[in-house]
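The block underneath contains the structure these notes are about, expressed in structure tokens.
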Amino acid sequence: MLFILLVITQVYSQDEYLCGRGERQSPISITDTFDAKYYKLELRFKDDVLVGQKDNESQSRRYIFTDDPTRQIPEFRMLGHDPHGLMVGYRPREFQLIAPAEHQIYEQNFDLELVIWGDLLNIYKNPNIKGGLSFFFKVIDQNEIIQENQTLITYPQVFNLTEERDQLSINMINLASHLKNHEKYITYRGSITWGNCDEIVDRFLIPQVFPISQDQLDQILAVKQINNPYPLQDIHKRRIVKGSLIIDDETSANYNPIYRFLSLTFIAFLFFLIFALFIKEQREKRRIEQSKKFKSGS
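Sequential numbering of the sequence shown, starting at 1, is according to UniProt numbering.
What follows is the structure in structure tokens.
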């Protein structure tokens, strides 16, 4: 009897946590979130551009980042709290484009979703070894804006579409610049949305909408590989949390050589000061010891 109960428990556990047949599938429609003030997600931008190479071996249409995989510290990092409050950190490895977007946020649909997938950094302990970071794009009608404001608005390009068909680059300068005015992110425990859907991952959504023109979207759909959206899944009893978004922008657009020089100079001065105080303390100890020996000898 005990053996049967254990088997049933094991089967239930697998059904619950394997996204292919359980209650952790993605994507979902976000209608309500729990606002956790101490939850934070930090996006560290260092490279101006992240270059992706088309992955011809996988079932999904993904781009693999062509940065050096032997580097221990990635140039772009995602660090923060997962849906259950654990600290996690991911180094991006690949990304994909989905049109129209898979997720819905507060009943709003989007025309394009960019998902950056990252592997868990070794210094963090988490059952989920992969994380997905989603950005959302929506077509804005330029004619309506021109009629209302009599001005033409130009949208910064996030994707470089002048490269070869097998490559796609993300402009991290424009991405970081647009996110600086946004302060929130949403996280939940979900899944990958390709293949057998047999891997549980942490999903991070940036609800800030990126405006894009119809011409830009048409060009992306025409020349780059696009994934079809996976059907919306039931939320069940999952924990969906909203936290604070932190942008650390160290791209060339935000790089100040004078500030960096002064920072390095201050660090060098501080190190020299500490070293000088240490030497002075050691000399004072020797003087006191010699004085004691002299007094005891006399």
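Using N, Cα and C, we set each Cβ at its ideal position, and we do this for glycine too.
The three-state secondary structure of residue 121, taken from DSSP, is coil. Shortest Cα-Cα distance from residue 174 to any of 48, 245, 236 involves 48.
The secondary-structure analysis by DSSP pairs residue 87 across a beta bridge with 81. In summary, residue 271 is exposed, with fewer than 16 beta-carbon neighbours lying within 10 Å of its beta-carbon over all protein chains present.
Two segments are said to touch when three or more pairs of C-beta atoms, one from each, lie closer than 8 angstroms; by this definition the stretch 21 to 40 touches the stretch 77 to 89. Where residue 161 is concerned, there is no enclosing beta strand (DSSP E), because DSSP gives it neither an H nor an E.
Per DSSP, the continuous beta strand (DSSP E) segment holding residue 171 begins and ends at 167 to 171.
In this structure, residue 92 sits away from residue 123, with a CB-CB distance that is not shorter than 8 angstroms. The beta-carbon separation of residue 88 and residue 161, rounded to 32 angstroms, does not stay under the 8 angstroms limit for a contact. By the Cβ-count criterion, residue 178 is buried, with 16 or more other Cβ atoms from all chains shown falling within 10 Å of its own Cβ. Taking a contact as a CB-CB distance under 8 angstroms, the pair residue 229 and residue 64 does not count as one, their CB atoms being some 22 angstroms apart. Taking the C-beta atoms as reference points, residue 184 is found nearer than 8 angstroms to residue 244. Using a Cβ distance threshold of 8 angstroms, residue 111 and residue 217 count as a contacting pair.
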